[in-house]
Each structure stands twice: as C-alpha cells, then as structure tokens.
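Data first, discussion second: the structure below is written as structure tokens.
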Amino acid sequence: MVYTYIDGIPEEKYLIGIQQLHQHVFEGAELSLEELHNKHNLLTCLVVSNDEVIGFKMGYELSPDIFYSWLGGVHSSYREQGIASKLMALQHKLLKNAEYKTVQTKSRNNRKEMLILNIKHGFNIISTYTSAKGKHKIILEKDL
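Going by our numbering, the final residue of the sequence shown carries number 153, and the count climbs one at a time with no gaps.
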C-alpha cells in the first residue's frame, strides 16, 4: 500500500478510482469533476494498492486558517486496518505544514465509525443542524 497526496484535481488514473470508490462508499452517489473544480486549494490524500485506489480523504480551504475535510472513505474490503486513521494523520500533517490553524468536518449520526474516528483523532463537536434534505449533521473541529 502506498500513501500519497495530490494538490488540486487528481490526474485521471486517480480521479476515476476516487469516483468509483466514492460511489461504493456513499451508496452510489456520484462525485463530479465540476464539484472538484469549485473547491479552493483542493487536497486529496490517497492510499493505493496494486494501482487501485482503496482509500481517500479529500478537502479544501474554507479560509486561510480553516481547512474543510470534505469527503473520504475506505473500500469495504480494506476496512479495520487503520487506513482511515493513516489518511487522517497524513492530511493533518500536510495541513499543519501549510499553516492552517483548524480543520473542520461534518458527519452524520448514522456514520458512527467516522464520527468515532474523528473524536479519537481530537475533533470536538461544535454544532449540529438539519440540512435542506432533512438530514441531521454534526459539525466537528480540531485545532491543528
């Protein structure tokens, strides 16, 4: 397994793998290239095994001090191996080096594994709200 990162839009070989994994993790939801183009200072952390993207963590700048950890996931065949934790550690190291002060993310109560992972890595729940689609969201932040 190789851990790496990409500033900006990933090249096609990785982008296709990220889009396929996104569909796998998020019940068929598509991740469009247009969505990625609208994100300022996009950063993608990846883990690749045998030329296949098996995990990713993607985010973008909200302000010069705050980075938003937006999307991520690990293929179900590779879970319970600490991959998500390693991706998060890589992302946070890169964010510290880029002099961000805070990382923010959102989660849902039905994604308990991700919620627990965030809390284990030092995130604090700062707020909750109900989205326009009626989904309960939890906002978490961590000082870097």
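Note that CB positions come from ideal geometry on N, CA and C, so glycine has one too.
Which class does residue i belong to by DSSP, given the choice of helix, strand or coil?
i, result
"Leu40", "coil"
"Ser94", "helix"
"Met67", "strand"
"Lys142", "coil"
"Tyr109", "coil"
"Glu150", "strand"
"Ser116", "strand"
"Glu61", "strand"
Could you say which of the options lies nearest to residue i if we only look at CA atoms?
i, options, result
"Gly82", "Lys95, Pro73 and Lys48", "Lys95"
"Ser72", "Leu42, Ser136, Asn50 and Gln28", "Asn50"
"Tyr14", "Phe132, Val57 and Val34", "Val57"
"Val11", "Val34, Leu55 and His31", "Leu55"
"His33", "Asp74, Lys22, Leu80 and Leu42", "Leu80"
"Ile84", "Ile135, Leu30, Phe132 and Thr53", "This sequence places His at residue 84; Ile is not what is there. With distances taken between Cα atoms, His84 lies closest to Leu30."
"Gly37", "Ile27, His46 and Leu45", "Ile27"
"Thr53", "Asp152, Lys129, Glu20 and Gly91", "Glu20"
"Leu124", "Leu149, Ser136 and Ala98", "Leu149"
"Asp152", "Lys22, Glu122 and Ile75", "Ile75"
"Asp16", "Gln100, Arg120, Ile135 and Glu43", "Gln100"
"Arg120", "Asn133, Phe35 and Lys22", "Phe35"
Per DSSP, what are the beta-bridge partners of residue i in this structure?
i, result
"Val34", "Looking at the DSSP assignment, Val34 forms no beta bridge with any residue, so it has no partner."
"Asp16", "Leu52"
"Leu80", "Met67"
"Ile125", "Answer is none; Ile125 lacks a bridge partner."
"Ile134", "Leu149"
"Ile75", "Thr111"
If residue i sits next to residue j, beta carbons under 8 Å apart, how far is it from one beta carbon to the other, in whole angstroms?
i, j, result
"Tyr87", "Tyr77", "About 25 Å separates the two Cβ atoms, so there is no contact after all."
"Asn118", "His145", "6 Å"
"Gly46", "Ile18", "Residue identity check: residue 46 is His in the sequence provided, not Gly. The pair is a contact, with the Cβ atoms about 7 Å apart (cut-off 8 Å)."
"Gly48", "Met97", "According to the sequence displayed, residue 48 carries Lys and not Gly. Between Met97 and Lys48 the Cβ distance is about 18 Å, and since that is not below 8 Å, they are no contact."
- Message: Taking contact to mean 3 or more Cβ pairs, one atom from each stretch, closer than 8 Å, check whether the region 132-140 and the region 103-110 are in contact.
- Response: no
- Message: If contact is defined by three or more beta carbon pairs under 8 Å, each pair taking one atom from either stretch, is the region 110-118 in contact with the region 53-64?
- Response: no
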